[in-house]
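S.K.: Could you have a look at this structure, given as C-alpha cells, before my questions?
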Amino acid sequence: MEKIMNEQARKRYFGDFGGRFIPEVLVPAFEELEEAWASVKHDRKFFDELERAQRDFVGRPTPLLLAENLTTSCGGGRIWLKMEALAHTGAHKINNALGQGLLAKKMGKKRLIAETGAGQHGLATAAVAARLGLECEIFMGEVDMARQHPNVYGMRLFGARVTAVTEGSRTLTDAVNAAMKSWTERVSDTHYLIGSALGPYPFPEIVRTFQSVIGKELRSQFRERYAELAGRASRDPSIEMEQGASSGSCILAGVSDAQKSLPDVMVACVGGGSNSIGLFHDFLDDESVRLVGVEAGGHGTAPGEHAVRMTSGQGRPGVVQAYRSIFLQDDNGSLLPTSSVSAGLDYAGIGPELAYYGKNGRIEFTSASDEEVLDAVQVLARTEGILPALESAHALAAAVRLARTLPVGTDIVVNISGRGDKDLFITAPRLDGEDWLDFLKAEVARLEGLL
Amino acid sequence: MNGMQKIQMLFEQNKGRPLLMTHAVGGWPDLDTSESVLSAMLESGADMIEVQIPFSEPAADGPLIVSANHEALAGGVTTRKVLEMIGRVCEKRSLAGSGRLTSVLVMSYLNPILAYGEKAFVSDARSFGVDGLIVPDCAPDEISLLPEIAAEVGLAFVPLIAPDTESSRIEQICNRFCSPFVYAVLRYGVTGKSTSIDSLTEAYLSRVRSASGCAVAAGFGIRERRQVEALGCSVDCVVAGSVFIEAMNEAASRGSGMTDAVRGMVAELVRY
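Line by line, the protein sequences give chains S and W. Using numbering that gives the first Met the number 0, you'd call the opening residue of the first sequence number 0 and step up by one each time. Using numbering that gives the first Met the number 0, you'd call the opening residue of the second sequence number 0 and step up by one each time.
What follows is the structure, encoded as C-alpha cells:
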C-alpha cells in the first residue's frame, strides 16, 4: 500500500521538489481539483474559450519591444522587452487568474479566494471574479495593504472583499497561510486561486500552464521581430561602414544572417516564480537559451535583509505551506523574515519547478538590490518611456548588467512582468521626496475639506 | 515498554471513560512556565498531553495557537529546548511515582522535524520520554520516511482523520501509520472555534472506529465539559487545545497564575 501511495506521490514532484503536504481536511478539495484539472488540461474547447478571453479581456498577445535606446546606452547585447505590463490589470497575473477562474467556473464554484503580496494577483483575481460573476475574497498582509493601497482600492472597486492578515510578518507568506486556512473552512463552493507557481500539487502545474502563454507567444514574436530587424539591416548601408562605431550599431549588429529563431538569454524576476516559469517553460529544451532568474537582493546579505533563496546560502530544502522546495529558514525550520522594496518578491519560498531547474543548473539565478532596482526603474522610464513594476525592475537591472558584458548582437529578452503605476507610493518618496510630500499634504488638506 | 505499548496500556486501563488529551505550545509563554504547565496538566488529571514544537507557519492552527507559536520563537525557544523540557517533565513524574499512567506526545509540523533531522528528532524525542508524534502536514500519501522511522523505535505516529475522509482511505492511512489510536478532527477550519456535537458527529466517529479498528481520540473546538460528556460515549479520548491557551491568557491578564488556571480547566473538563 505504502508503495502504491508513493508511486502516485512521485507524479506530483519536479525531481525532489513539489508534493502535496496538505492537512487531511483538504484532501477532498484537492482530489476534486486534480480531477477537474485532468479533464480540462487537454480540452480544446476549454482552451479555445481561454484564448478568446485572453485576446479580448486581457489584451493578448502582449508586445515584444526592442529597447533600442536602452540597448544603445548599455553598449552590448540587444535588450528586448516582453511587455506583460500591458496585460489588463497591469501584470502577467491576469493570465493565471483568468485560467483558474474559468476552471473554477467549470467546477461549479461560486466563490474565489486568493492571497496577494503586491496586490497584482489580488487585483487580477478580483477583475476575473467580476467578469465571471463570482464572489471574491482577497487575503493580504497588513504591511502589504499599507504599502500597496492603490491596489486594495482597485480590488474593492471590482467588488472583492479584502481581508487584512495580521499574523506573523503580515506579508505574502502570511497571506498564503490565511487563504489556505480560509479554504479549509469552506471548500464546497470555493476555489482557492493561488497566485504563483507554488503550493501543493497540482497548483504549480496549473499556474505554470496558464502562465506559459508568455513564452509561447515570445517564441513566434521573436522570430518575426528578428526577421524585421534583418530587413532593416539589409536596407541600412551604414552597418558595414560603421561596424561598432555608430550609435545604431548595437541595434543592427550581426543581423545580416536574416534568421534567428531563439533569443540567447531570457531574464525574469522570481518571487514565487509565476512570470519566470511562464516565460522560461517553453524554452527549457532549447539548450542554447540561457535562462536567468533574478531574486530580490533587498538591502543586505544578512538573514532577513533580502529574499534570495537560491544563491544566498541561507535557503535550504524543506516542507512549508504544503510543498517541498527551497526556503529561507533558520536552524529550527522556521521561515526567516524577508525584505524587498517589492512586495511581490518578498517571500521566503520559491516554486518547486524553479527550485528543481535551479538546482540542476538549467536556470541560473542572480539577484538585484533595492538600490539597483530603483535605478533600473528610472533608466527604463527615461530611455524608453516605460515604467516597470519594482518586481520587473529586478529582471531589468540584471539584464542591463548582463548586456554590458555580452557581445554586441546577443539577444536578451527581459520579462517586464508588470507596470510601475502601483508603486508610485514607494518610488515617489525616494525619487521625488519633497515634492511628493507637498503633494500628499495638499491632497490630505483638500480631502479633509471635502469629507 | 515503548511509546506505542505505553499508550496502548493507557487506553486499556481506562476502558469505560474517555481519556483527556490536553495541548500546549512548548516553551510558551516561556520555558519555565511551560514546564510547570505541563506538569500541572498531568498532575491535575490529563491522561495525555500533546506538546507543540513552535514553528513560524502553523498551517492548521487558529490565531491563538499561531500567536503562542510566534511568541515562543521570539523568546528564543528551539526544538531542542522543548524536547529537553519534556525530558524534565517526564523525569519529575517518574521520580514522583504517582502511579497513574500518563503519556506525552509531540505535535509538530514537518519542517521543524526535517530541520532537526528526522532520525535525530525521533531518537531524541524517544530518549526524552515522548511516546508518540502528531504531524498534521505529514500527509499519508506523501513521500516521507518519518512514519517508518518513528515505527522503528516504537513511537506512535498518530493518523489524523477528517469528517470527509472515506472509510477505505482511513484503512489505508492506518496501514501506513502505526498508532494505538487515531485523531478524528471534528470539523473543518482551524483550531480554536467551538464545535457542536450532534448525531452526525456520532455517525462520523463510529465510522472512524470501525474503519480504523483502533481507539479514537476527537478534538478541534472542545471548550467545555458538556462537549466532553456528549463525546464521551463515542470516543476513547477527548482532545482540548486552544481553550488552555485562552485560560492561560485570561489568567495572565488578571494577574493570577497560569498553572492554577490550567489545573482549573483540566478539572472542569475531566469527569471523575
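Every residue gets a Cβ at the ideal spot worked out from N, C-alpha and C, and that includes glycine. Given the structure is predicted, the values throughout are model-derived calculations rather than measurements.
Exposed or buried, which one is ARG429 of chain S when buried takes at least 16 other CB atoms within 10 Å?
M.R.: Taking the first sequence and counting its residues from 1, one reaches residue 429 of chain S at position 430. The residue is exposed, with fewer than 16 neighbouring Cβ atoms inside 10 Å.
S.K.: Which same chain residues, not among the five before or five after SER35 of chain W, have their C-beta less than 7 angstroms away from its C-beta?
M.R.: Within the second sequence, numbered from 1, the residue matching residue 35 of chain W stands at position 36. Excluding positions up to five away in sequence, the list reads THR258.
S.K.: Which residues in chain S sit within 9 angstroms of ASP259 of chain W, going by Cβ to Cβ distance?
M.R.: Start at 1 with the first residue of the second sequence, and residue 259 of chain W comes out as number 260. Within chain S, no residue comes near ASP259 of chain W; the closest Cβ sits about 29 angstroms away, beyond 9 angstroms.
S.K.: If we cut at 8 angstroms on Cβ distances, does HIS22 of chain W have a partner in chain S?
M.R.: Position 23 of the second sequence, counted from the start, is the residue given in the question as residue 22 of chain W. Chain S contact via Cβ: absent.
S.K.: Please list, in chain order, the chain W residues whose beta carbon lies closer than 7 angstroms to that of THR183 of chain S.
M.R.: Here residue 183 of chain S refers to the residue found at position 184 when the first sequence is read from its first residue. Here the neighbours are TYR187, GLY188, VAL189.
S.K.: Compare the C-beta of VAL65 of chain W with all C-beta atoms of chain S and state if any pair is closer than 8 angstroms.
M.R.: For the purposes of this step, residue 65 of chain W is taken as residue 66 along the second sequence, with counting starting at 1. Yes, because at least one Cβ of chain S sits closer than 8 angstroms to the Cβ of VAL65 of chain W.
S.K.: Do we get a CB-CB distance below 8 angstroms when we pair VAL318 of chain S with the residues of chain W?
M.R.: Here residue 318 of chain S is taken as the residue at index 319 of the first sequence, counted from 1. True, the Cβ-Cβ gap to chain W drops below 8 angstroms.
S.K.: Using the C-alpha atoms, what's the distance from PRO111 of chain W back to ALA103 of chain S?
M.R.: Indexing the first sequence from 1 puts residue 103 of chain S at position 104. Indexing the second sequence from 1 puts residue 111 of chain W at position 112. Answer to the nearest angstrom: the Cα atoms are 34 angstroms apart.
S.K.: In whole angstroms, give me the CA-to-CA distance for PHE54 of chain W and CYS236 of chain W.
M.R.: As a working mapping, residue 54 of chain W is identified with position 55 in the second sequence. As a working mapping, residue 236 of chain W is identified with position 237 in the second sequence. Cα to Cα, PHE54 of chain W sits roughly 26 angstroms from CYS236 of chain W.
S.K.: Per DSSP, which one or two residues make a beta bridge with VAL378 of chain S?
M.R.: Indexing the first sequence from 1 puts residue 378 of chain S at position 379. According to DSSP, VAL378 of chain S bridges with nothing at all.
S.K.: Give me the residue from S:LEU439, S:LYS81, S:ASP281, S:GLY194 with the minimum Cα distance to GLY350 of chain S.
M.R.: Position 351 of the first sequence, counted from the first residue, corresponds to residue 350 of chain S. Selected option, being the one with the closest Cα: S:GLY194.
S.K.: Could you tell me which chain W residues have their CB closer than 8 angstroms to the CB of PHE209 of chain S, listed as they occur along the chain?
M.R.: Translated into the one-based positions of the first sequence, residue 209 of chain S becomes position 210. Correct list: empty, because the minimum Cβ distance to chain W is about 25 angstroms.
S.K.: Helix or strand or just coil, what does DSSP make of SER366 of chain S?
M.R.: For this step, residue 366 of chain S is matched to residue 367 along the first sequence. Strand, per DSSP.
S.K.: For the alpha helix (DSSP H) containing TRP79 of chain S, name the first residue and the last one.
M.R.: By one-based count along the first sequence, residue 79 of chain S stands at place 80. Looking at the DSSP string, TRP79 of chain S is not in any alpha helix (DSSP H); the run it does join, the beta strand (DSSP E), is 77-81.
S.K.: For GLU239 of chain S and LEU156 of chain S, I'd like the C-alpha separation in whole angstroms.
M.R.: Here residue 239 of chain S refers to the residue found at position 240 when the first sequence is read from its first residue. Here residue 156 of chain S refers to the residue found at position 157 when the first sequence is read from its first residue. Note that GLU239 of chain S has pLDDT 48, beneath the 50 cutoff, so the model's placement of it is unreliable and no number is given.
S.K.: So the candidates are S:SER38, S:LEU251, S:SER211, S:ALA52; which of them puts its Cα closest to the Cα of LEU228 of chain S?
M.R.: What you label residue 228 of chain S is simply residue 229 of the first sequence in a count that begins at 1. Checking every option, the nearest Cα to that of LEU228 of chain S belongs to S:LEU251.
S.K.: For ASN1 of chain W, count the other beta carbons within 10 Å of its own beta carbon; 16 or more makes it buried, fewer makes it exposed. Which is it?
M.R.: As a first step, residue 1 of chain W must be located in the second sequence, where it is residue number 2. Answer is exposed; the Cβ neighbour count stays below 16.
S.K.: Starting from ALA229 of chain W, find everything on chain S with Cβ-Cβ shorter than 7 angstroms and list it in chain order.
M.R.: By one-based count along the second sequence, residue 229 of chain W stands at place 230. Ordered by position in chain S, no residue passes the 7 angstroms Cβ test against ALA229 of chain W, which lies about 21 angstroms from the chain.
S.K.: Listed in chain order, which residues of the stretch 284-295 of chain S have Cβ atoms closer than 8 angstroms to some Cβ of chain W?
M.R.: Result list empty, no residue passes.
S.K.: Compute the beta-carbon to beta-carbon distance between LYS81 of chain S and VAL412 of chain S, rounded to the nearest angstrom, for a pair I have assumed lies under 8 angstroms.
M.R.: As a position in the first sequence, residue 81 of chain S is number 82, starting the count at 1. As a position in the first sequence, residue 412 of chain S is number 413, starting the count at 1. That belief holds up - the Cβ atoms of LYS81 of chain S and VAL412 of chain S are roughly 6 angstroms apart, short of 8 angstroms.
S.K.: Rounded to whole angstroms, what's the CA-CA distance from VAL269 of chain W to ALA39 of chain W? Just pull it up for me.
M.R.: Residue 269 of chain W sits at position 270 when you count from the first residue of the second sequence. Residue 39 of chain W sits at position 40 when you count from the first residue of the second sequence. Whole-angstrom Cα-Cα distance: 14 angstroms.
S.K.: Could you tell me whether the Cβ of PHE54 of chain W comes closer than 8 angstroms to any Cβ of chain S?
M.R.: For the purposes of this step, residue 54 of chain W is taken as the residue at position 55 of the second sequence. Yes, because at least one Cβ of chain S sits closer than 8 angstroms to the Cβ of PHE54 of chain W.
S.K.: Spatial neighbours of ASN68 of chain S within its chain, please: CB distance less than 7 angstroms, with the 5 preceding and 5 following residues excluded, ordered by chain position.
M.R.: Here residue 68 of chain S refers to the residue found at position 69 when the first sequence is read from its first residue. Correct list, in chain order: THR382, GLU383.
S.K.: Which residues in the same chain have their Cβ closer than 8 angstroms to the Cβ of LEU18 of chain W, if we skip the five residues on either side of it in sequence?
M.R.: Here residue 18 of chain W refers to the residue found at position 19 of the second sequence. Within the same chain, LEU18 of chain W has close Cβ partners LEU9, PHE10, ASP46, MET47, ALA216, ASP235, CYS236, VAL237.
S.K.: Excluding the five sequence neighbours on either side, which residues of its own chain have a C-beta within less than 6 angstroms of the C-beta of PHE424 of chain S, listed in chain order?
M.R.: Here residue 424 of chain S refers to the residue found at position 425 when the first sequence is read from its first residue. No residues qualify anywhere along the chain.
S.K.: Spell out the partners DSSP gives SER209 of chain W in its beta bridges.
M.R.: Sequence index remark: in the second sequence, residue 209 of chain W carries index 210 (1-based). Per DSSP, none; premise fails for SER209 of chain W.
S.K.: Going by C-alpha distance, which of S:ASP330, S:LYS92, S:HIS280 is nearest ARG79 of chain W?
M.R.: Position 80 of the second sequence, counting from 1, holds the residue named residue 79 of chain W. Of the listed residues, the one whose Cα sits closest to ARG79 of chain W is S:ASP330.
S.K.: Buried or exposed for PRO135 of chain W, going by 16 or more other Cβ atoms inside 10 Å?
M.R.: Position 136 of the second sequence, counted from the start, is the residue given in the question as residue 135 of chain W. By the 10 Å Cβ count, PRO135 of chain W comes out buried.
S.K.: If you compare alpha carbons, which of S:ALA8, S:GLN320, S:VAL26, S:SER72 is closest to ARG18 of chain S?
M.R.: On the first sequence, position 19 is the one that residue 18 of chain S refers to. According to the sequence displayed, residue 18 of chain S carries Gly and not Arg. Here the closest residue by C-alpha is S:ALA8.
S.K.: Does any residue of chain S have a CB that is nearer than 8 angstroms to the CB of VAL184 of chain W?
M.R.: Translated into the one-based positions of the second sequence, residue 184 of chain W becomes position 185. By this cut-off, VAL184 of chain W is an interface position.
S.K.: According to DSSP, simplified to helix, strand and coil, what is ARG315 of chain S?
M.R.: Counting from one through the first sequence, the residue named residue 315 of chain S turns up at place 316. Looking at ARG315 of chain S - three-state DSSP - the assignment turns out to be strand.
S.K.: State the DSSP-derived secondary structure class of ARG79 of chain W, mapped to helix, strand or coil.
M.R.: In the second sequence, the residue the question calls residue 79 of chain W occupies position 80. Looking at ARG79 of chain W - three-state DSSP - the assignment turns out to be helix.
S.K.: What does ALA59 of chain W reach in chain S if we use C-beta pairs closer than 9 angstroms?
M.R.: Here residue 59 of chain W refers to the residue found at position 60 of the second sequence. Correct list: PRO22, VAL24, LYS180, THR183.
S.K.: Can you list, in chain order, the residues of the stretch 72-88 of chain W whose Cβ is nearer than 9 angstroms to any Cβ on chain S?
M.R.: Within the stretch 72-88 of chain W, the qualifying residues are LEU72, VAL76, THR77, THR78, ARG79.
S.K.: Three Cβ pairs or more, each shorter than 8 angstroms: is that satisfied between the stretch 83-98 of chain W and the stretch 14-32 of chain W?
M.R.: Short answer: they touch.
S.K.: What three-state label does DSSP hand TYR12 of chain S in the structure shown?
M.R.: Residue mapping note: residue 12 of chain S aligns to position 13 of the first sequence, counting from 1. In this structure, TYR12 of chain S counts as strand in the three-state DSSP scheme.
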